[in-house]
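Chains L and E, in that order, give the protein sequences.
Take the first sequence: its letters are residues 43 to 388, numbered as in the numbering used here.
Take the second sequence: its letters are residues 43 to 388, numbered as in the numbering used here.
2 protein chains.
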Amino acid sequence: MENLNERSKKVLYAVIQSYINYPDPVGSRIVTKRYAFGLSSATIRNIMADLEEMGFLAQPHTSSGRVPTDLGYRFYVDSITAGGDSYSNIEIEILQGLYRRLEILKNNIDLLLSETTKSLSMLSHYLGVAMSPASDMTTLSRINLLKYQANKAAVVLFTDEGLIKNKVISVDPEISQKDLNRIAHYLNSEFSGSTFDEIRLRLLREMSKEKIKCDSLISKAMSVCKEALYFPFNELFVSGLAEVLELPDFADLKRIRELSRAIEDKHVIIMLLDKLADSKGVQVVIGSENSMEGLKDLSLIVSPCREGDRQVGVVGIIGPTRMNYAKAMYIVENTAKFITRMLAGR
Amino acid sequence: MENLNERSKKVLYAVIQSYINYPDPVGSRIVTKRYAFGLSSATIRNIMADLEEMGFLAQPHTSSGRVPTDLGYRFYVDSITAGGDSYSNIEIEILQGLYRRLEILKNNIDLLLSETTKSLSMLSHYLGVAMSPASDMTTLSRINLLKYQANKAAVVLFTDEGLIKNKVISVDPEISQKDLNRIAHYLNSEFSGSTFDEIRLRLLREMSKEKIKCDSLISKAMSVCKEALYFPFNELFVSGLAEVLELPDFADLKRIRELSRAIEDKHVIIMLLDKLADSKGVQVVIGSENSMEGLKDLSLIVSPCREGDRQVGVVGIIGPTRMNYAKAMYIVENTAKFITRMLAGR
DNA sequence: ATTAGCACTTAAGCATTGAGAGTGCTAACT
DNA sequence: AGTTAGCACTCTCAATGCTTAAGTGCTAAT
Numbered sequence: 043m044e045n046l047n048e049r050s051k052k053v054l055y056a057v058i059q060s061y062i063n064y065p066d067p068v069g070s071r072i073v074t075k076r077y078a079f080g081l082s083s084a085t086i087r088n089i090m091a092d093l094e095e096m097g098f099l100a101q102p103h104t105s106s107g108r109v110p111t112d113l114g115y116r117f118y119v120d121s122i123t124a125g126g127d128s129y130s131n132i133e134i135e136i137l138q139g140l141y142r143r144l145e146i147l148k149n150n151i152d153l154l155l156s157e158t159t160k161s162l163s164m165l166s167h168y169l170g171v172a173m174s175p176a177s178d179m180t181t182l183s184r185i186n187l188l189k190y191q192a193n194k195a196a197v198v199l200f201t202d203e204g205l206i207k208n209k210v211i212s213v214d215p216e217i218s219q220k221d222l223n224r225i226a227h228y229l230n231s232e233f234s235g236s237t238f239d240e241i242r243l244r245l246l247r248e249m250s251k252e253k254i255k256c257d258s259l260i261s262k263a264m265s266v267c268k269e270a271l272y273f274p275f276n277e278l279f280v281s282g283l284a285e286v287l288e289l290p291d292f293a294d295l296k297r298i299r300e301l302s303r304a305i306e307d308k309h310v311i312i313m314l315l316d317k318l319a320d321s322k323g324v325q326v327v328i329g330s331e332n333s334m335e336g337l338k339d340l341s342l343i344v345s346p347c348r349e350g351d352r353q354v355g356v357v358g359i360i361g362p363t364r365m366n367y368a369k370a371m372y373i374v375e376n377t378a379k380f381i382t383r384m385l386a387g388r
Numbered sequence: 043m044e045n046l047n048e049r050s051k052k053v054l055y056a057v058i059q060s061y062i063n064y065p066d067p068v069g070s071r072i073v074t075k076r077y078a079f080g081l082s083s084a085t086i087r088n089i090m091a092d093l094e095e096m097g098f099l100a101q102p103h104t105s106s107g108r109v110p111t112d113l114g115y116r117f118y119v120d121s122i123t124a125g126g127d128s129y130s131n132i133e134i135e136i137l138q139g140l141y142r143r144l145e146i147l148k149n150n151i152d153l154l155l156s157e158t159t160k161s162l163s164m165l166s167h168y169l170g171v172a173m174s175p176a177s178d179m180t181t182l183s184r185i186n187l188l189k190y191q192a193n194k195a196a197v198v199l200f201t202d203e204g205l206i207k208n209k210v211i212s213v214d215p216e217i218s219q220k221d222l223n224r225i226a227h228y229l230n231s232e233f234s235g236s237t238f239d240e241i242r243l244r245l246l247r248e249m250s251k252e253k254i255k256c257d258s259l260i261s262k263a264m265s266v267c268k269e270a271l272y273f274p275f276n277e278l279f280v281s282g283l284a285e286v287l288e289l290p291d292f293a294d295l296k297r298i299r300e301l302s303r304a305i306e307d308k309h310v311i312i313m314l315l316d317k318l319a320d321s322k323g324v325q326v327v328i329g330s331e332n333s334m335e336g337l338k339d340l341s342l343i344v345s346p347c348r349e350g351d352r353q354v355g356v357v358g359i360i361g362p363t364r365m366n367y368a369k370a371m372y373i374v375e376n377t378a379k380f381i382t383r384m385l386a387g388r
């Protein structure tokens with residue numbers, strides 16, 4: 043990047059711009075035609091050869107136009123992050139309209155996130171993704187235990203992030219609703235405000251104490267707690283496959299298979315999003331910059347939804363590396379803000 | 043079907059059998075080779091021409107082999123339903139193994155169903171689908187209302203089918219937990235055992251009564267009820283797209299697009315499953331037998347999971363019309379039984 | 001009723017060809 | 001010295017024609 047003069051940069055941007063808009067490798071002639079450099083194609087050719095040598099461009103085969111490499115995109119993305127493009131009013135209005143439609147879902151996080159992914163994919167024409175926060179990092183606000191059948195109880199769990207989860211656990215038939223109330227009361231007074239990570243740790247310590255082991259009711263209660271507080275929270279929502287398959291980038295059966303495997307696994311995407319969730323602001327991961335198998339030659343635009351230190355989720359877009367980064371970043375940034383506002387404004 | 047003698051039937055079955063195993067149109071020569079009829083290819087040719095005339099077979103183009111029509115598959119499927127194929131021990135063991143792995147999820151219906159779809163698609167190599175019952179038909183077992191924040195309450199709802207759902211509703215800040223308890227108590231005593239369909243109807247009638255309109259607390263309570271009891275229950279789980287894309291039937295980009303649109307919409311599939319959920323036992327819908335746009339040339343094998351009159355869900359398989367119906371039916375039937383056992387055994 | 005034989009049809013694979021787009025290099029130009 | 005025109009070269013892609021293989025329908029013989 044050091045020995046990259048202003049003119050070369052401009053050419054690089056032009057190539058990327060063109061390739062984003064038209065899915066064909068771009069040659070020197072096209073650059074001179076579509077972008078007024080006042081230079082001949084031969085000169086552009088020389089510059090493009092230099093850019094290729096520096097690793098910003100590549101040729102699919104000798105004598106086709108050039109295509110940006112991941113490095114090229116990276117350079118481009120970094121430059122627009124610094125700049126901060128502004129967007130047309132129309133696009134902003136579409137965004138606002140979609141958000142308004144989602145506002146009625148603010149009481150149901152899962153549904154809100156899942157619908158948000160649909161908006162994301164509609165707006166961007168790429169995959170929309172959203173993830174609720176991992177359980178370890180969320181803080182317990184309140185827990186309720188409801189006796190359900192002879193040997194079952196429902197755990198209802200409120201977190202500071204506004205998540206509500208329920209699950210059924212098996213309990214000793216001897217335990218009554220009163221007992222459960224007492225246990226819940228204990229848990230609330232003891233752990234409310236702590237993250238689940240901490241809670242699990244402290245519970246483990248408590249349970250190893252001698253006196254607890256002896257008292258059968260308490261030990262039963264403890265087993266209830268242990269089961270009640272283990273929640274595999276983080277849930278991933280993905281949509282827009284149909285949208286993505288319209289792109290020329292996914293005309294290839296092999297790529298489609300790869301993508302659909304990635305979507306169905308979820309595991310890989312969750313891991314990646316988890317990694318990116320800690321940072322703040324919009325993150326861009328381009329193609330091979332992520333080391334996940336099956337996500338090569340895909341790009342991710344991700345933003346955590348956080349307010350202070352309270353993280354309520356992650357939203358993002360997944361698409362081919364040949365992506366309209368500026369637009370995608372704009373959409374993700376605003377969607378993250380919207381979700382944050384929605385879930386924090388309580 | 044009347045004027046279809048035993049020999050013609052055998053040939054029809056042979057053609058279907060062969061086509062299911064090898065995805066190429068089957069010609070008369072192949073029939074004589076793979077299945078020992080003791081007849082020459084010319085004779086088979088004549089029979090196949092007859093079968094085509096009757097609408098059981100079709101030719102993709104003059105002078106290619108023949109392919110079963112939807113009607114042909116229908117004939118075949120009806121015959122195996124009557125027969126009842128038995129399966130190898132190995133396959134039964136694989137099934138049993140997968141089921142055992144799922145047993146630990148019996149307390150979490152949604153997760154159970156969603157994992158079941160994965161098993162279904164693994165076993166069949168087609169799409170696995172599962173749906174929890176529609177809210178109208180489920181019966182309320184118990185309702186709990188938990189005050190949550192100043193103007194919010196969590197509704198926790200238990201049904202006789204073993205479903206547990208929660209949602210957040212907005213409430214008047216004046217309403218206390220005590221009030222909510224009273225409302226919940228009223229709802230439980232009044233409506234426990236009724237289906238949500240009935241409940242909504244009765245609530246509507248109650249609310250129109252004069253005296254209730256006057257009392258402000260009761261009217262507030264009623265508005266709580268109304269919101270609390272409206273649940274869009276029916277949830278659809280689908281998986282196995284990656285699996286299906288390995289099939290030669292989905293080598294075509296257009297079909298893939300169609301399929302993924304169907305999967306993302308869910309709406310269409312839900313409607314179709316809803317229709318089939320009422321009947322009992324395994325249902326087979328072949329290709330154009332369903333009138334849903336986007337599901338043409340796909341087949342569905344579906345079975346409700348019911349015990350007595352209590353329906354706990356629907357499971358099924360979606361695949362190309364060129365499907366191993368016998369196997370798919372076997373898998374669906376047993377999976378439905380398993381799910382029923384899992385959720386009814388309480 | 002069955003079958004052998006044959007002419008006919010069609011898809012699919014293969015090599016050939018020509019057009020088109022793009023490149024790199026060299027030599028001329030400013 | 002930077003820029004450009006010109007040109008030979010490369011590679012893809014679409015079209016073409018040819019051949020092969022599989023399958024059919026029909027007719028005449030068994």
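Yeah, the Cβ is synthetic: ideal placement off N, Cα and C, and Gly gets one too.
Quick caveat, the model's predicted, so the values are computed rather than measured.
Under 7 Å by beta carbon: chain L residues contacting L295 (chain E) = A293
task = In the DSSP assignment, find the beta strand (DSSP E) that holds R184 (chain E) and state where it starts and stops.
result = L182 to Q191
inquiry  = Counting C-beta neighbours from all protein chains within 10 Å, is the total for N47 (chain E) 16 or more, i.e. buried, or is it exposed?
reply    = N47 (chain E) counts as exposed, since fewer than 16 other beta carbons sit within 10 angstroms of its beta carbon.
message = Can you confirm whether the segment 201-221 of chain L touches the segment 311-327 of chain L when touching is taken to mean that 3 or more C-beta pairs between the two stretches lie within less than 8 Å?
response = No, the segment 311-327 of chain L does not touch the segment 201-221 of chain L.
query = Given a threshold of 16 other Cβ atoms within 10 Å of its Cβ, counted over all protein chains shown, does M43 (chain E) qualify as buried or as exposed?
reply = Because M43 (chain E) carries a pLDDT of 47, less than 50, the predicted location of this residue cannot be relied on, and the following value inherits that uncertainty. Residue environment for M43 (chain E): exposed (fewer than 16 other C-beta atoms within 10 angstroms of its C-beta).
request  = For the beta strand (DSSP E) holding E277 (chain E), just list the boundary residues, first then last.
outcome  = Note, E277 (chain E): premise wrong, no beta strand (DSSP E); not H, not E.
inquiry  = Any beta carbon from chain L within less than 8 Å of Y265 (chain E)'s own beta carbon?
reply    = As written in the sequence, residue 265 (chain E) is Ser, which differs from the Tyr given in the question. Chain L, which has no Cβ nearer than 8 Å to the Cβ of S265 (chain E), makes this no.
query = How about P65 (chain E) and R383 (chain E): do their beta carbons lie closer than 8 Å?
reply = No, Cβ-Cβ distance for P65 (chain E) and R383 (chain E) is not below 8 Å.
message = Taking 8 Å as the cut-off, does the segment 326-346 of chain L touch the segment 128-141 of chain L (at least 3 CB pairs, one atom from each stretch)?
response = no
request  = Pick out whichever of E:G358, E:E145 and E:R143 has its Cα sitting closest to the Cα of S163 (chain E).
outcome  = E:G358
key: CB contact below 8 Å: K209 (chain E) versus chain L   = At a cut-off of 8 Å between C-beta atoms, K209 (chain E) counts as an interface residue with respect to chain L.
task = Counting only runs of 3+ residues fully inside the segment 150-234 of chain L, write out the beta strand (DSSP E) ranges in chain order.
result = 169-173, 182-191, 194-201 and 206-212
task = Quick one: list the residues of chain L neighbouring V171 (chain E), beta-carbon separation under 8 Å, in chain order.
result = Near V171 (chain E) there are no residues of chain L at all, since even the closest Cβ is about 14 Å away, more than 8 Å.
ask   = What residues in the segment 146-166 of chain E have a beta carbon less than 7 Å from any beta carbon of chain L?
value = The residues in question are N149 and N150.
request  = Per DSSP, which residues does E335 (chain E) bridge with? Please list them.
outcome  = Paired residues: none, contrary to the question.
query = Hey, N276 (chain L) and A226 (chain L) are a contact pair by Cβ (cut 8 Å); roughly how many whole angstroms apart?
reply = Not a contact, Cβ separation roughly 24 Å.
inquiry  = Less than 8 Å between CB atoms is the rule here; does F390 (chain E) satisfy it with respect to chain L?
reply    = Summary: the structure shown does not reach residue 390 (chain E), with chain E confined to residues 43 through 388, and so no result is reported for it.
task = Consult DSSP for L99 (chain E) and reduce its assignment to one of helix, strand or coil.
result = strand
task = For Y115 (chain E), decide whether its Cβ has a neighbour in chain L, counting only Cβ atoms nearer than 8 Å.
result = no
message = Could you check whether the Cβ of K338 (chain E) sits closer than 7 Å to any heavy atom belonging to the ligand ZN?
response = As for the ligand ZN, it is missing from this structure, which has no ligand bound.
inquiry  = Can you pull out the residues from the segment 186-205 of chain E whose beta carbon lies closer than 8 Å to at least one beta carbon of chain L?
reply    = Answer set for the segment 186-205 of chain E: N186, L188, Y190, Q191, K194, A196, V198 and F200.
Cα-Cα separation between L188 (chain L) and N208 (chain L), rounded to whole angstroms = When rounded, the distance between both Cα atoms is 10 Å.
query = Smallest Cα separation from I305 (chain E): which of L:S281, L:E145 and L:L113?
reply = L:S281
query = Would you call the segment 52-60 of chain L and the segment 75-86 of chain L touching, i.e. three or more CB-CB distances under 8 Å?
reply = yes
ask   = Are at least three pairs of beta-carbons, each pair with one atom in the segment 214-222 of chain E and one in the segment 159-179 of chain E, less than 8 Å apart?
value = no
request  = Please confirm if the segment 281-293 of chain E is in contact with the segment 292-300 of chain L, defined as three or more CB-CB distances below 8 Å between the two stretches.
outcome  = yes
Identity of the residues DSSP links to I343 (chain L) by a beta bridge = L:V326 and L:I359
task = Leaving out five residues on either side along the sequence, give the residues of the same chain with a beta carbon under 6 Å from the beta carbon of S161 (chain E).
result = L140
task = Kindly list the residues whose CB is nearer than 8 Å to the CB of L99 (chain E), restricted to its own chain and excluding five residues on each side of it in sequence; keep chain order.
result = L54, V57, M90, L93, R108, V109, P110, T111 and G114
Close-in-space but distant-in-sequence residues of the same chain around F18 (chain E) (CB under 6 Å, 5 per side omitted) = Since the first residue of chain E shown is 43 and the last is 388, residue 18 (chain E) is not available in this structure.
ask   = Which residue from L:L222, L:G355, L:F292 and L:G361 puts its Cα closest to that of A270 (chain L)?
value = L:L222
Beta-bridge pairing of E94 (chain L) - partner residues as DSSP gives them = E94 (chain L) pairs with nothing; no bridge assigned.
ask   = Taking C-beta to C-beta, are I206 (chain L) and V197 (chain L) nearer than 8 Å?
value = no
key: Rounded straight-line distance, which links the Cα of V73 (chain L) to that of T377 (chain E)   = 60 Å
task = Could you tell me the distance, in whole angstroms, from the CA atom of A370 (chain L) to the CA atom of K317 (chain L)?
result = 20 Å
message = What does the Cβ neighbour count give for S166 (chain L), buried or exposed, with the cut at 16 atoms within 10 Å?
response = buried
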